[in-house]
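Taken in order, these protein sequences are the chains called A and B. For what it's worth, our numbering labels the leading residue of the first sequence as 606, then goes sequentially. For what it's worth, our numbering labels the leading residue of the second sequence as 606, then goes sequentially. Quick reminder that beta carbons are idealized off the backbone N, C-alpha and C, glycines included. As C-alpha cells, the structure follows; a few thoughts come after it.
Protein chains: 2
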Amino acid sequence: MVTIKDIAKIANVSTGTVDRVIHNRQGVSEKTKERINKILKENNFKINVIARSLALRKKYSIAVLMPGFNNDNLFWKSPYLGISKARDEMNHLGVQIEYFQFSQLDEVSYKKQCDIIVELNPDAVIFSPYFQKETLEFTKRLEGKSIPYLFINLDLHGYKNICFIGQDAYKSGYLAAKLMHLCTGNKTDFLIPLVESKLQNNSVLENRIKGFKDYFDLKQLSINYKTLYFEGLRDENLIKLELNAILKKNPHISGVLVPSSRISIISRGISKAYKNKLTLIGFDTTTQNIECLKNDEVTFLISQKSFNQGYQSVKVITDYLIQNIQPSKKIFSPIEIITKENVEFSQRNKWEYKKINS
Amino acid sequence: MVTIKDIAKIANVSTGTVDRVIHNRQGVSEKTKERINKILKENNFKINVIARSLALRKKYSIAVLMPGFNNDNLFWKSPYLGISKARDEMNHLGVQIEYFQFSQLDEVSYKKQCDIIVELNPDAVIFSPYFQKETLEFTKRLEGKSIPYLFINLDLHGYKNICFIGQDAYKSGYLAAKLMHLCTGNKTDFLIPLVESKLQNNSVLENRIKGFKDYFDLKQLSINYKTLYFEGLRDENLIKLELNAILKKNPHISGVLVPSSRISIISRGISKAYKNKLTLIGFDTTTQNIECLKNDEVTFLISQKSFNQGYQSVKVITDYLIQNIQPSKKIFSPIEIITKENVEFSQRNKWEYKKINS
DNA sequence: AATATTTTCGTGTACGCACACAAAAATAGA
DNA sequence: TCTATTTTTGTGTGCGTACACGAAAATATT
C-alpha cells in the first residue's frame, strides 16, 4: 500500500506538498503539481479513508426526509432500514443521520420538516420530493446554503440534485405487461385499481401504467383496461363491493395490475371465485404483499429493492462528502421479478431480516 | 465520544492499563481491573474501530481458488470481478488477496494450485471445491494449519468450511420450470442439452434438473424430456446438426432448458425455424447469454448474481478474520429472473460495468 | 543591491488506539 | 534489612492523514 509519505519520498518533496496536491489546495507551483500528480497516478495512490477520517474526525450530518410508515402501509419501512444499516456501517466515518418523516396526506407536514432541516444546516440531504411546490422552495434554500441533496425513489426534473436513486418506472410497467401477457395469453382485458393515488401525486404510477400500455401497443395487441380509483377509502368492505361489482360486470377481465405497492389490499378485496381466474401483478415486496405471493393470490411482484435504495443513498452521499466522488445523475434500481419460488431468496439480507423481526 | 484517554483520566491510571483491561490482557490487579471495567460501563465506552484498524494495520492474506475464464466461457469472470471489487474496498483494512486459477478440465491443475496455497500459508482461503478427492486432502491440510476456508458457488457436505456462498440449485431449477410452464402452457415436451457437463462434475446441474422435474410432478403434470450430452464437442457445427436432428424428430418439443451457463452455444446451434417456436430458458448472465436475451432467442435467464457471490465471500471472510463474526453456514444468493426488459438494470453495478469494458 | 513581499514548500502535532519497553511498586528470598 | 524477583503500572512511538505554522525560495519593490 502506497502512502502519502511514499509519494513524498519518490517526488522528493514533503508530505505537506503532496497533501496540497491531493486536495487541490493552492500553494503549489504548477510544475511540481503536475509532477506529483503524475507520480500519484503511476503509483495508483488511493487515499486511506481510515486514516483520513481519523485525522479529520469531522462529523458529517445528513438529513433524511421520507414519508412515514405504519402497519397499514409498510412501503417506506424498507428504505428506512437500508438507511439505518448504512448509518451503522459508516458511523465511524463520522456520518451522522437525522431522520425526518412526513405524511403523504399532508403537504404541510412536509413543508414543516423542510423548514426544520434548513434550520439544522446539515451537510447533505436525502429526500423524496413528494410535493412539487414545496420542493422547489426547499431546494432553493438548500442551494443558497450550498447544501447538496439527492432524490430517492421519486424523480423530478430541472433540479440540481446530485443524483436520483430509484426505479425506471416506465420500464417496470413495461415488464409487468410482458409478464401479464405471458400469463393471460390472448385475453387482453385488464383492471388497474389505484389506491389513494392522489396521495402519491407523483409520476411513478402513471409511468408504470404508460409502460404497461406501451408494451401491448408495441406488440400491436389492442387491450382494454379499466382504471379504478379508491381515494381515501379506508373501508375495505367498500373496496370489496366495488371491485367485485366491476369484475362481475366485466367477465372478460383476465388480469389485475396494481401499479402501487398496495396490491395486498386489492387482493383482499377480490373474492375467491374471481381470484382463481385472475392474474394479479403488483409492485414492491412489503410483508403483506409477500404473504399474497405465498398464498398464490398474486403471481408476480416487481421489486425495486427499496432497501438498497436507502442504503445506497447514504453510501453515495458519504462518498460525495468524504471523497468528493461524483455519482452518475441517475442510479437505477434493479427491476426484480419476484415469484413464490424465489421470494425467499430475494430479501435475504440478514441485517434486514433481523431488524424487521425485532 | 469517550476515548481510552478519557477513561484513563477518570480512573486515574494510564492509557496502557485501560488498554489491558479492555483487551482482557493480564498484568492488572483484580482491584483496578474491576474499577476500570465499572468506569468503562458507566461511560458507555465503545472502541473506535477506525483508530483500531489504523493502529493494528495487520495484513490478512486471503487465497482465492477458482476456475479460470476465457472468451469461450466467461462465467467465472463475474465472481472474479466481485472479488476484485471487495479487494479494492477493503485493502485499507489490510486485506490482501492472491488469486489462483485452475482448469475445469484438469484436476492436476487444481491440485497443483492447492499445493501452492498450502505452502503460502494464507490467513484464509476462498474456493470452489471442484474435485472431490483433491478437495478432501486440501481441506485436511488447511485444517491442520487452522486456516479457515469458505466454499463459493459449489457446495459440498461434511466439511468444516465456515460457510457456503451460492445459489440453491434445486430451487432455481424449480423456478425455471414455473417460467417454462408459463411460456409453454400445456405442451410438456422439453429438451435439456448439457454442454461439457462432465467437466463440471458437480451437483449443480443435476439439482437444477431435479428441481425442474419436481415442479411438474408437484403440479401433477407429466412431462417428457430428452437429455442431450455434448461432451468435449468443440465443433459447433456438430452441435448444430445433432440439435436440429433431434428437434426434427421430436416436433412436440416446446421448450429448451439449459441448466448450465452455456445457453448461448445451444441457441446458436438451433436454426431459426425451430427457435421461433421454442421457449429457451437458461442460467447466468454472461455477455453472450445477455446477447441472446436481447435478440429474443432466449426468454428467461436465471441469474445467481455471481458478482455478488465473489464480493460477499471476501466480505464474510474479512469480517470473520477482523471482527470474529461467524457467518451463517449457508448464504444463498438470490435467484433472479432476467428478461429482455429488465436486463439492463440487473447488472448495473457501475464498477462491474467499468471493469468489463476496460 | 538591499529589503519587502509573495509564493512555495517543510515541520510538527493531533486524531484514538495498540504494543513494546521502561519504570515503579509489591512481594519473595537472603 | 537489603537485594532479587515478580507483579503492576506508566511512557513513548507509530499507523496515515490533515492542517497550522514557520522556513526557504522566488519575485517584487525601493
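Contacts with chain A at 7 Å (Cβ-Cβ) include B/Phe-950. Contact of B/Ala-668 with chain A is not assigned, every C-beta pair being separated by 7 Å or more. For A/Asp-819, the enclosing alpha helix (DSSP H) covers residues 809-823.
Note: B/Pro-798 is bridge-paired with B/Leu-833 in the DSSP secondary-structure output.
Among the CB atoms of chain B, one or more fall inside 7 Å of the CB of A/Phe-937.
A straight-line Cα-Cα distance of about 15 Å links B/Leu-741 and B/Ile-767. Runs of the alpha helix (DSSP H) lying entirely within the stretch 606-635 of chain A and spanning at least 4 residues, in chain order: 609-616, 620-627. Between the stretch 895-903 of chain A and the stretch 917-932 of chain A there are fewer than three C-beta pairs closer than 8 Å, too few to call the two in contact. Under DSSP, the beta-bridge partners assigned to A/Phe-888 are A/Ile-907. Using a Cβ-Cβ cut-off of 7 Å, A/Lys-783 is close to Thr-944, Glu-946 of chain B, given in chain order. Between the alpha carbons of B/Thr-744 and B/Tyr-764 lies a distance of about 8 Å. For B/Asp-889, none of the residues of chain A pass the 9 Å Cβ criterion, the least Cβ distance being about 15 Å. In the DSSP assignment, A/Tyr-665 falls outside any alpha helix (DSSP H) and lies within the beta strand (DSSP E) extending over 665-672.
Remark: C-beta atoms of B/Ser-666 and B/Asp-728 approach each other more closely than 7 Å. Pairing A/Ser-911 with A/Pro-684 gives a Cβ-Cβ distance under 7 Å. For the stretch 680-712 of chain B, the residues whose beta carbon sits under 7 Å from a beta carbon of chain A are, in order, Asn-696, His-697. Assigned with DSSP and collapsed to three states, B/Gly-699 falls in coil, not helix or strand.
A distance below 7 Å between beta-carbons, with the five flanking residues on each side excluded, links B/Ile-922 to the following residues of its chain, in chain order: Ile-667, Ala-729, Ile-731, Leu-755. Within 7 Å of the CB of B/Glu-941, the CB atoms of chain A belong to Glu-941, in sequence order along the chain.
A Cβ-Cβ separation of about 6 Å places B/Leu-796 in contact with B/Leu-833 under the 8 Å criterion. Out of B/Lys-638, B/Leu-679, B/Gln-701, B/Asn-648, the CA that lies nearest to the CA of B/Lys-920 is found in B/Gln-701. DSSP, read as helix, strand or coil, puts A/Phe-707 in strand. When the beta-carbon positions are compared, A/Tyr-830 and A/Leu-852 stay at least 7 Å from each other. Among the CB atoms of chain A, one or more fall inside 7 Å of the CB of B/Ser-658.
Boundaries of the beta strand (DSSP E) around B/Phe-769: 768-771. Comparing C-alpha distances from B/Asn-807 to each of B/Phe-769, B/Glu-836, B/Asn-758 shows the shortest one belongs to B/Asn-758. Looking at the DSSP output, B/Phe-937 sits in a beta bridge with B/Gly-771.
Per DSSP, reduced to three states, the secondary structure at A/Ser-859 is strand. Using a Cβ-Cβ cut-off of 7 Å, A/Lys-663 is close to nothing in chain B; its nearest Cβ partner there is about 12 Å away. Taking the Cα positions, B/Leu-710 is about 11 Å away from B/Gly-673.
For B/Ile-930, no CB of chain A lies under 7 Å from its own CB, so it is not counted at the interface with that chain. Beta bridge pairing from DSSP links B/Ala-656 with no other residue.
Against chain A, the beta carbon of B/Lys-853 has no neighbour under 8 Å; the closest one sits roughly 27 Å away.
Taking the beta carbon of A/Ile-767 as reference, no residue of chain B falls within 9 Å; the closest one sits roughly 15 Å away.
A contact between stretches requires three or more CB pairs, one per stretch, nearer than 8 Å, and the stretch 675-690 of chain B fails this requirement with the stretch 656-664 of chain B. B/Thr-892 counts as exposed, since fewer than 16 other beta carbons sit within 10 angstroms of its beta carbon.
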